[in-house]
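**Q** In this note's numbering, the protein residues as written are 85 to 620. The beta-carbon is built from N, C-alpha and C at its ideal position, and this holds for glycine as well. I have a structure I would like to understand better, so I am pasting it below and will then ask my questions one at a time.
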Ligand code: SF4
Ligand code: SF4
């Protein structure tokens, strides 16, 4: 009898049991699936690769699905984040460090040593990559590469953890729709479509030409290599379809993105479409509370993400400049015309922000923007003065440094490998240049805001704890102030975890969106005077 007594004095009760019997069995099944891949990695030759790959993926998927079913299906709808700070995996304990090391190691091998996964250039693949050959041949007609393995596992992770997310947040229509959307975009646009497009290569539809590999939802600058010489040749060498894709890539940057961000905020992309966001929201959900909420992290985030944006703008300008011609009688888009167009675009955006949105920028943001603007413009002027011969910094150096530092180390190794230590949105928050552009648009000319009904807030802090972007939502809610932050990805979790219905994601008219001076607390409102005003 003594054993059944609750000896804890904690108001929150006992921490939940770590694993039920069903969850334990699900873990064994999932690990069995991973074990098959591990054996393949160590060159065990499977007689029927298609069958064993199918078994492995099915075991991993059913393990995660069963585990999630056990965790959420028998409980009432509504979010139960109980015990997150008591579990080793979700509170930077030993398991979290172990998982972080495994993920980081996997990314390092994937990016820099694919031969250890079994990649053989110009020959028959071995090891883990050979295990994926049948699936790759089925989809694209080509043998697998390390990127095909990555794409497959990435998609499977989003699908199975997406199901877990759907169970956990099933009470919220917004969360259900959003999750189905990221699952769809990842599977159809990032995984299946590019491979099927590759399959069309050499067919009559293209007059024997080739169709460039293109993830339609990956927009520059996230897709930082989209305007390199080989990509442009690929687009232009694919006839009308290629040209249409190139026009779509440009429209995505200059038309589609600004319009959608104006109407809905950056959430249309970061939480509904983007593959990085999709993985963070689904597989990364157990780690969202680990995001750093300090003021220092906020400052660091602003500097880092905008410096990466400047880096990618300079890099892309230099790369495009390097392959354009100089003779205006042959090409309308010469090196100089391109540089002048970039300079005019930058001047336009910078001038507009400084003239019309100056008050919305913090002091350090203004100084930073001026410094970056001057540096980029100086580089362009130097290149123009160089008689069209070259960019002041070698494009190849910029391209390689960006690809290594940002494209591989930051977005891959750190961005995903460190999920269990710093939360799932490290890349989105500190490094993604696409998030920087969308954030700029969201802050300065969008209708999106999170409104707060300050009088209802009980300061429980759930919203701040589970904001994956490190925003101290509670501080806004306590003041009854609208939340208009560049970094907010509109995931809506703050609103979903709020026990008092204080927070609402809205796309109302822009007027009155930023209301830091009109702080409203429930206690301060004279309801009768409001009623009288209404009847006047
Ligand atoms: S403020 Fe809310 S909606 Fe925005 S990122 Fe944080 S949790 Fe998501
Ligand atoms: S979750 Fe809701 S009640 Fe709790 S601090 Fe945030 S806004 Fe206030």
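If you pair each beta-carbon of the stretch 171-182 with each one of the stretch 135-143, do three or more pairs fall below 8 Å?
**A** no
**Q** Spatial neighbours of residue 347 within its chain, please: CB distance less than 7 Å, with the 5 preceding and 5 following residues excluded, ordered by chain position.
**A** Numbered from 1 along the chain shown, position 263 holds the residue referred to as residue 347. Counting only Cβ-Cβ distances below 7 Å, and skipping sequence neighbours, we find 531, 591.
**Q** Look at residue 399 and residue 486 and say whether their C-beta atoms are less than 8 Å apart.
**A** As a position in the chain shown, residue 399 is number 315, starting the count at 1. As a position in the chain shown, residue 486 is number 402, starting the count at 1. Going by C-beta atoms, residue 399 is nearer than 8 Å to residue 486.
**Q** Is residue 539 near ligand 2, judged by its Cβ being under 7 Å from some heavy atom?
**A** For the purposes of this step, residue 539 is identified with residue 455 of the chain shown, where counting begins at 1. Incorrect: residue 539 has no Cβ contact closer than 7 Å to ligand 2.
**Q** So for residue 587, helix, strand or coil by DSSP?
**A** Here residue 587 refers to the residue found at position 503 of the chain shown. In the structure shown, residue 587 sits in a strand (DSSP, three-state: E or B).
**Q** For residue 477, which residues does DSSP report across the bridge?
**A** Here residue 477 refers to the residue found at position 393 when the chain shown is read from its first residue. Among the bridge pairs identified by DSSP, residue 477 is matched with none.
**Q** For residue 131, tell me which candidate among 423, 492, 211 has the shortest Cα-Cα distance.
**A** If you number the chain shown from 1, residue 131 lands on position 47. Comparing Cα positions, the closest option is 211.
**Q** For residue 536, write down the residues that DSSP places opposite it in a beta bridge.
**A** Sequence index remark: in the chain shown, residue 536 carries index 452 (1-based). Looking at the DSSP assignment, residue 536 forms a beta bridge with 587.
**Q** How should residue 504 be labelled, buried or exposed, when 16 other C-beta atoms within 10 angstroms of its C-beta is the threshold for buried?
**A** Taking the first residue of the chain shown as 1, we reach residue 504 at position 420. Counting Cβ neighbours within 10 Å, residue 504 comes out buried, since at least 16 surround it.
**Q** Indicate, with yes or no, if ligand 2 has a heavy atom lying under 7 Å from the CB of residue 559.
**A** Working through the chain shown from its first residue, we reach residue 559 at position 475. No, since every heavy atom of ligand 2 falls outside the 7 Å radius drawn around the Cβ of residue 559.
**Q** Please go through the same chain and pick out, in chain order, the residues whose beta-carbon is closer than 8 Å to the beta-carbon of residue 85, but skip the five residues on each side of it.
**A** Taking the first residue of the chain shown as position 1, residue 85 is located at position 1. Low local confidence applies: a pLDDT of 45 at residue 85 is under 50, so the model's placement there is unreliable, with the coordinate-based value given in what follows. Same-chain partners within the cutoff: there are none.
**Q** Using CA coordinates, which residue listed in 261, 256, 356 is at the minimum distance from residue 302?
**A** To locate residue 302, count along the chain shown from 1; it is residue 218. Looking at the Cα atoms, 356 is the closest of the given residues.
**Q** Please state the DSSP three-state secondary structure of residue 192.
**A** Working through the chain shown from its first residue, we reach residue 192 at position 108. Helix, per DSSP.
**Q** Could you say which of 111, 554, 205 lies nearest to residue 380 if we only look at CA atoms?
**A** Here the question's residue 380 lines up with position 296 in the chain shown. Nearest option by C-alpha distance: 554.
**Q** For the 8 Å Cβ check, are there 3 or more pairs between the stretch 428-441 and the stretch 505-522?
**A** Proximity of the stretch 428-441 to the stretch 505-522 falls short of the contact definition, fewer than three beta-carbon pairs being nearer than 8 Å.
**Q** Ends of the alpha helix (DSSP H) at residue 197?
**A** Along the chain shown, read from residue 1 onward, the residue named residue 197 stands at position 113. Unbroken run through residue 197: none, as it is neither H nor E.
**Q** Residue 567 by DSSP, collapsed to three states: which one?
**A** Residue numbering aside, residue 567 sits at position 483 when the chain shown is read from its first letter. Strand at residue 567.
**Q** Could you spell out the range, first to last residue, of the alpha helix (DSSP H) harbouring residue 358?
**A** The sequence position of residue 358 within the chain shown is 274, counting from 1. Here residue 358 belongs to no alpha helix (DSSP H), and DSSP marks it neither H nor E.
**Q** Beta-carbon separation of residue 567 and residue 534 under 8 Å?
**A** Locating residue 567 in the chain shown gives position 483, where the first residue counts as 1. Locating residue 534 in the chain shown gives position 450, where the first residue counts as 1. Remark: C-beta atoms of residue 567 and residue 534 approach each other more closely than 8 Å.
**Q** Is it true that the stretch 270-279 meets the stretch 326-339, where meeting means three or more beta-carbon pairs spaced less than 8 Å apart?
**A** The stretch 270-279 is not in contact with the stretch 326-339.
**Q** Do residue 544 and ligand 2 come close, with the Cβ less than 7 Å from some heavy atom?
**A** Position 460 of the chain shown holds residue 544. Yes; taking the cut-off as 7 Å, the Cβ of residue 544 has a heavy atom of ligand 2 nearer than that.
**Q** Taking the beta carbon of residue 263 as the centre, do at least 16 other beta carbons fall within 10 Å, making it buried, or is it exposed?
**A** Taking the first residue of the chain shown as 1, we reach residue 263 at position 179. Buried, by the Cβ-count rule.
**Q** Excluding the 5 residues flanking residue 543 on each side, which residues of the same chain have their C-beta closer than 7 Å to its C-beta?
**A** If you number the chain shown from 1, residue 543 lands on position 459. Within the same chain, residue 543 has close Cβ partners 558, 562.
**Q** In terms of alpha-carbon separation, which member of 426, 420, 434, 360 lies closest to residue 491?
**A** Working through the chain shown from its first residue, we reach residue 491 at position 407. Checking every option, the nearest Cα to that of residue 491 belongs to 360.
**Q** On a CA-only basis, which of 304, 577, 221 is nearest residue 397? Give me that one, please.
**A** Numbered from its first residue, the chain shown carries residue 397 at position 313. Nearest option by C-alpha distance: 304.
**Q** At least one CB of chain D closer than 8 Å to the CB of residue 214: is that the case?
**A** Annotation note: the requested chain D is absent from the structure, which comprises a single protein chain.
**Q** Answer with buried or exposed for residue 156, where buried requires no fewer than 16 other C-beta atoms within 10 angstroms of its C-beta.
**A** The residue given as residue 156 occupies position 72 in the chain shown. Under this definition residue 156 is a buried residue.
**Q** Going by other Cβ atoms of all chains shown within 10 Å of its Cβ, with 16 needed for buried, is residue 459 buried or exposed?
**A** Within the chain shown, the letter at position 375 stands for residue 459. With fewer than 16 other Cβ atoms inside 10 Å of its own Cβ, residue 459 counts as exposed.
**Q** Can you list, in chain order, the residues of its chain with a C-beta nearer than 6 Å to that of residue 385? Leave out the 5 residues immediately preceding and following it.
**A** Start at 1 with the first residue of the chain shown, and residue 385 comes out as number 301. Within the same chain, residue 385 has close Cβ partners 513, 514.
**Q** Give the straight-line distance between the Cα atoms of residue 367 and residue 223, rounded to the nearest whole angstrom.
**A** Here residue 367 refers to the residue found at position 283 when the chain shown is read from its first residue. Here residue 223 refers to the residue found at position 139 when the chain shown is read from its first residue. Cα to Cα, residue 367 sits roughly 25 Å from residue 223.
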